[in-house]
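J.:
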Amino acid sequence: MESFVFYIFALMTITGGWIVIYSRNLIYSAFSLLITFVGLAGLYGLLMADFIAATQILIYAGAVLILLLFGIMLTARKTSIEITQSNLPRLPGAIISSLIFLLLMVVIFSEPNWNSATNPGVRETVPMIGKLLMTKYLIPFELASILLLAALIGSVFIARREES
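The sequence shown lines up with residues 4 to 167 when you count with this note's numbering.
#1: By Cβ distance, which residues of its chain are closer than 6 Å to Ile63, with the 5 residues on each side in sequence left out?
#2: If you follow the alpha helix (DSSP H) that Arg27 is in, where does it begin and where does it stop?
#3: Can you round the beta-carbon distance between Gly45 and Phe12 to whole angstroms, since I take them to be within the 8 Å contact cut?
#4: How is Met4 classed by DSSP in three states: helix, strand or coil?
#5: What do you get for Thr16, buried or exposed, if any count of 16 or more other CB atoms within 10 angstroms of its CB means buried?
#6: Which residue comes first and which comes last in the alpha helix (DSSP H) that contains Arg126?
#7: Taking the continuous alpha helix (DSSP H) assigned at Thr58, which residues delimit it?
#8: Tell me where the alpha helix (DSSP H) around Ile69 begins and ends.
#9: Here's the rule: buried if 16 or more other CB atoms are within 10 angstroms of the residue's CB, otherwise exposed. What is Ser101?
#10: CB-CB under 8 Å to Phe54, same chain, minus the five flanking residues each way: which ones, in chain order?
#11: So, with DSSP's three-state summary, where would you put Lys134?
#12: Leaving out five residues before and five after Gln59 in sequence, what residues of the same chain have Cβ atoms less than 7 Å from its Cβ?
#13: From Leu155 to Ile142, what does the alpha carbon distance come to, in whole angstroms?
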């Protein structure tokens with residue numbers, strides 16, 4: 004049953020990502036991104052990373068996607084821009100991607116004995132993350148909060164300057 008659920012979430016993630024890349028409509032791409040984020044959250048849940056799964060849903064599928072949708076819907080659309088398509092830039096990208104994929108497959112299949120945990124057991128990740136953030140990673144955590152505060156103050160100053 005767990006493998007079936009894994010394949011469902013993997014299919015959601017891959018299909019959503021494919022639609023994001025190849026859809027010409029930005030709204031469809033944004034909603035496909037939602038499918039991709041929910042699939043990733045499900046994969047995190049299967050890996051027993053409950054905090055990361057909840058964060059994926061709340062922050063990415065919630066806040067970031069809503070911000071993207073507001074940005075798409077509230078910006079002025081340029082209809083007079085001609086977009087030319089050429090397959091020439093795709094060829095080097097396809098060659099490089101194929102070479103990287105082949106290199107990864109060689110590395111993966113050259114190691115015959117992969118160590119895998121049969122059942123690592125259920126551990127609560129939230130208390131562990133909290134302890135790490137408040138002990139070992141306290142200074143980087145506080146520096147990140149100061150950086151976010153500075154960005155917030157800067158955006159308020161820029162917004163006030165544009166109003167007046």
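Beta carbons are placed, not taken as given, at the ideal position from N, Cα and C, and that holds for glycine. What you are looking at is a predicted structure, and each value in this text was computed from that prediction instead of being measured.
T.: Concretely, from the data shown:
#1: A small fix is needed here, since residue 63 is Tyr in this sequence, not Ile. If we look at Tyr63 and ignore the five residues flanking it on each side, its Cβ neighbours are Phe40.
#2: Careful: Arg27 lies outside any alpha helix (DSSP H) and carries neither H nor E.
#3: 4 Å
#4: coil
#5: buried
#6: Run containing Arg126: none; DSSP gives neither H nor E here.
#7: Asp53 to Thr58
#8: Looking at the DSSP string, the run of the alpha helix (DSSP H) that includes Ile69 is Leu68 to Leu77.
#9: exposed
#10: The residues Thr128, Val129 and Ile132, in chain order, have a CB closer than 8 Å to that of Phe54 in the same chain once the five nearest residues on each side in sequence are set aside.
#11: Helix.
#12: Phe40, Leu43, Ala44 and Tyr47
#13: 20 Å
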